[in-house]
DNA sequence: GTGAAAGCGCTAACAT
DNA sequence: ATGTTAGCGCTTTCAC
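This is the structure we're talking about:
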């Protein structure tokens, strides 16, 4: 930078102002242009580290995930966080803990050492987590998870809304006998989707029948066995809302072994919109998408705007529900 | 740090050496312990930015992907790169370009500004890329892609080896009439897997029959239609090697419509080991895994060791083939 | 509108 | 073995 300044015939200070046009100071248009021309010509690049040190604040934000490779979901959140970061001129420092506390501690320290402005902590499936420790002093926001009592701001999928929307696709098609293959896991998705299912039935004036709700492991295998059980019911349901796309995949297999066709003999809707399954099952599966991109995006937006309010007091942390859009394909 | 030094009754310099035990200088065991105790007590954390600035080199490495959310594959590479980075005390700066040249340029600048030691550039599927521009001056290594003439060091999956291994699973089971549903894309995977298939046949003394090689779009849909075509052949093949797991998924559907069972009537092996499909198809699919984790890990290892040799000349860049391990399940 | 100069928090000669 | 001191590359008062 010294060289740029000299070549442009100005002082170091002026060069600095001219280059990153900090509104604070007035540099004549002419000077600025001259300096910028020289900088361009010399291929000058500011040293981000020196800037950060000097400004006594970095332009880093941290993003911690518990698992990055299990599903493409983490990828969507990464994109969301990254897009929001770039919009604000921040650089994302990402780390994956694989749920190892020691690793978590290490990456938290690393981030603190790099003076991150805040961190978004996320999990690959929606769940409750204990308050992340070791991130003292900087704002933290949770994406796809939340803490007991919502002591920290968080953004999570609106499971109930999604469950309701899924079921309403079925009621809208005139189905009255709608089964729900739920998961046997204790998770917000399990309770939320069930709540949504019941709300939708209620809205359609259909009495809730607990015999139509099965629980199983939320995998293809579970969907298969639950599907078989479902077919024993008399009268048979005409539609099924599945906890997730993998369960629907298993249900497809079960229906197939009985020679039943979808959606004629049985309509089915899934949840998660796992592209590789949902879009490529035969017939393609109607489902509800999880808003991972938005979760990441909104979390970081919040962090940057409300995370460390410069004025006024900090807003009350809340658990913000993010809508799960439906994706209609050919199974309904 | 000044405070730590004062409280421990030593100079700033001694404190610095004591804390990050730079072998360069000798600090008595006793002093070091005293300083470290004080640092601990005060909860002192070094400012990474100041360190980087002072050392005139950062501890950053860059990782650029063209797409991070299409499949879980990117996640595996991220893990690989990150693990290697952490082993060497580096921090990963990640960026996703979504294949947008402008974004690429931006993230490249960002990385340069942060003085990254080098960058690994990766693509989500194995392919040739044009030499990334705008990364002048720093070492670059490619993961899952390569340039014309291999001007840059790269690490890519051994497609031919994988294709051969896949086919040999079939020949080992005694199959002699083995079809190959290949992709209609022009990609290293297409040619490589075919080459491997032919090698395996040859090794087993089976003459190559071009009627047994079909090409189709490498999706479920393509596998389905190709599967139907395959069933018209007389005599019918007894085994099929599919370009990827999605094609195998389609083939499963085709076999099912004809009431054929796997592996009794037809053995099938896929490629990619897309967990969500391969492990959950009925029966579970035997396949070949793509070594994404290793691609990321090895790339960064190379970058750190050979990328910028401190002594001797730079090694000749080569395209290193990384093995694709087979995963045997129940379809063979 | 512009320049001089004092740091930001740390490292690494160079002394002692 | 430890202390002194000069930067690293940039930002930002403060004075002109």
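Chains as they are written, first to last, in the UniProt record's numbering: chain X, 1 to 332; chain W, 1 to 332. Quick reminder that beta carbons are idealized off the backbone N, C-alpha and C, glycines included. Everything numeric in this text was worked out from a predicted model, so none of it was measured.
CA-CA distance, residue i and residue j?
{"i": "residue 260 of chain W", "j": "residue 255 of chain X", "result": "17 angstroms"}
{"i": "residue 162 of chain X", "j": "residue 319 of chain X", "result": "16 angstroms"}
{"i": "residue 9 of chain X", "j": "residue 21 of chain X", "result": "18 angstroms"}
{"i": "residue 275 of chain W", "j": "residue 68 of chain X", "result": "14 angstroms"}
{"i": "residue 183 of chain X", "j": "residue 218 of chain X", "result": "5 angstroms"}
{"i": "residue 96 of chain W", "j": "residue 297 of chain X", "result": "15 angstroms"}
{"i": "residue 110 of chain X", "j": "residue 52 of chain X", "result": "16 angstroms"}
{"i": "residue 239 of chain X", "j": "residue 79 of chain W", "result": "41 angstroms"}
{"i": "residue 58 of chain X", "j": "residue 115 of chain X", "result": "6 angstroms"}
{"i": "residue 305 of chain X", "j": "residue 85 of chain X", "result": "12 angstroms"}
{"i": "residue 241 of chain X", "j": "residue 266 of chain X", "result": "11 angstroms"}
{"i": "residue 71 of chain X", "j": "residue 272 of chain X", "result": "11 angstroms"}
{"i": "residue 129 of chain X", "j": "residue 315 of chain X", "result": "21 angstroms"}
{"i": "residue 90 of chain W", "j": "residue 290 of chain W", "result": "26 angstroms"}
{"i": "residue 1 of chain X", "j": "residue 14 of chain W", "result": "32 angstroms"}
{"i": "residue 264 of chain X", "j": "residue 247 of chain X", "result": "19 angstroms"}
{"i": "residue 120 of chain W", "j": "residue 63 of chain W", "result": "5 angstroms"}
{"i": "residue 214 of chain W", "j": "residue 227 of chain W", "result": "9 angstroms"}
{"i": "residue 222 of chain W", "j": "residue 326 of chain W", "result": "23 angstroms"}
{"i": "residue 324 of chain W", "j": "residue 56 of chain W", "result": "40 angstroms"}
{"i": "residue 187 of chain W", "j": "residue 216 of chain W", "result": "13 angstroms"}
{"i": "residue 203 of chain W", "j": "residue 76 of chain X", "result": "44 angstroms"}
{"i": "residue 286 of chain X", "j": "residue 194 of chain W", "result": "36 angstroms"}
{"i": "residue 49 of chain W", "j": "residue 100 of chain W", "result": "30 angstroms"}
{"i": "residue 54 of chain X", "j": "residue 44 of chain W", "result": "20 angstroms"}
{"i": "residue 308 of chain X", "j": "residue 31 of chain W", "result": "39 angstroms"}
{"i": "residue 262 of chain X", "j": "residue 98 of chain X", "result": "39 angstroms"}
{"i": "residue 299 of chain X", "j": "residue 124 of chain W", "result": "26 angstroms"}
{"i": "residue 185 of chain W", "j": "residue 136 of chain X", "result": "51 angstroms"}
Please return the same chain residues whose Cβ sits closer than 8 angstroms to the Cβ of residue i, not counting the five positions on each side in sequence.
{"i": "residue 212 of chain X", "result": "177, 178, 179, 180, 233 and 237"}
{"i": "residue 191 of chain W", "result": "159"}
{"i": "residue 152 of chain W", "result": "131, 140, 141, 142, 146 and 317"}
{"i": "residue 224 of chain W", "result": "250, 251, 253 and 254"}
Nearest to residue i by alpha carbon, out of the options?
{"i": "residue 73 of chain W", "options": "W/321, W/301 and W/294", "result": "W/294"}
{"i": "residue 292 of chain X", "options": "X/51, X/11, X/126 and X/171", "result": "X/126"}
{"i": "residue 269 of chain X", "options": "X/39, X/244 and X/82", "result": "X/244"}
{"i": "residue 88 of chain W", "options": "W/301, W/258 and W/323", "result": "W/301"}
{"i": "residue 332 of chain W", "options": "W/313, W/299 and W/278", "result": "W/278"}
{"i": "residue 42 of chain X", "options": "X/30, X/55, X/61 and X/19", "result": "X/19"}
{"i": "residue 103 of chain W", "options": "X/228, X/76, X/40 and X/82", "result": "X/82"}
{"i": "residue 173 of chain X", "options": "X/12, X/227, X/328 and X/324", "result": "X/328"}
{"i": "residue 93 of chain X", "options": "W/60, W/7 and W/170", "result": "W/60"}
{"i": "residue 201 of chain X", "options": "X/175, X/99, X/299 and X/33", "result": "X/175"}
{"i": "residue 196 of chain W", "options": "W/124, W/169, W/38 and W/45", "result": "W/169"}
{"i": "residue 37 of chain X", "options": "X/49, X/50 and X/7", "result": "X/7"}
{"i": "residue 144 of chain W", "options": "W/157, W/136 and W/150", "result": "W/157"}
Can you name, in chain order, every residue of its own chain whose Cβ lies under 6 angstroms from the Cβ of residue i, other than the five neighbours on each side?
{"i": "residue 65 of chain W", "result": "74, 96 and 122"}
{"i": "residue 330 of chain X", "result": "283 and 284"}
{"i": "residue 199 of chain X", "result": "164"}
{"i": "residue 138 of chain W", "result": "118"}
{"i": "residue 230 of chain W", "result": "179"}
{"i": "residue 29 of chain X", "result": "none"}
Could you round the C-beta distance between residue i and residue j to whole angstroms and report it? I think they count as a contact, below 8 angstroms.
{"i": "residue 166 of chain W", "j": "residue 288 of chain W", "result": "5 angstroms"}
{"i": "residue 303 of chain W", "j": "residue 118 of chain W", "result": "4 angstroms"}
{"i": "residue 334 of chain X", "j": "residue 27 of chain X", "result": "For chain X, the structure presents residues 1 to 332; residue 334 of chain X sits outside this window and is missing."}
{"i": "residue 106 of chain W", "j": "residue 47 of chain X", "result": "The pair is not a contact, with the Cβ atoms about 17 angstroms apart (cut-off 8 angstroms)."}
{"i": "residue 155 of chain W", "j": "residue 322 of chain W", "result": "6 angstroms"}
{"i": "residue 206 of chain X", "j": "residue 171 of chain X", "result": "7 angstroms"}
{"i": "residue 280 of chain W", "j": "residue 220 of chain X", "result": "4 angstroms"}
Who are the near neighbours of residue i in its chain, counting only those whose CB is closer than 7 angstroms to its CB and skipping five residues on each side?
{"i": "residue 148 of chain W", "result": "128"}
{"i": "residue 39 of chain W", "result": "4 and 19"}
Contiguous beta strand (DSSP E) assignments of at least 3 residues, all confined to the segment 258 to 303 of chain W: Restricted to the segment 258 to 303 of chain W, the beta strand (DSSP E) segments that are unbroken, complete and at least 3 residues in length are 267 to 269, listed in chain order.
Beta strand (DSSP E) segments (min. 3 residues) lying fully within the segment 89 to 154 of chain X: Listed in chain order, they are 91 to 96, 119 to 128 and 140 to 146.
In chain order, each beta strand (DSSP E) run of at least 3 residues that lies wholly inside the UniProt region "Disordered" (309 to 332) of chain X: 319 to 322, all fully within the UniProt region "Disordered" (309 to 332) of chain X.
Every unbroken beta strand (DSSP E) inside the segment 227 to 255 of chain W [3 residues or more]: Secondary structure in the segment 227 to 255 of chain W: the beta strand (DSSP E) runs of 3 residues or longer, each lying completely within the stretch, are 239 to 242 in chain order.
Complete runs of the beta strand (DSSP E) confined to the segment 155 to 203 of chain W [at least 3 residues]: If we require 3 residues or more, the beta strand (DSSP E) runs fully inside the segment 155 to 203 of chain W come out as 178 to 183.
Start-end ranges of the alpha helix (DSSP H) lying completely within the UniProt domain "HTH lacI-type" (1 to 55) of chain X, minimum 4 residues: Runs of the alpha helix (DSSP H) lying entirely within the UniProt domain "HTH lacI-type" (1 to 55) of chain X and spanning at least 4 residues, in chain order: 2 to 8, 12 to 19, 29 to 42 and 48 to 55.
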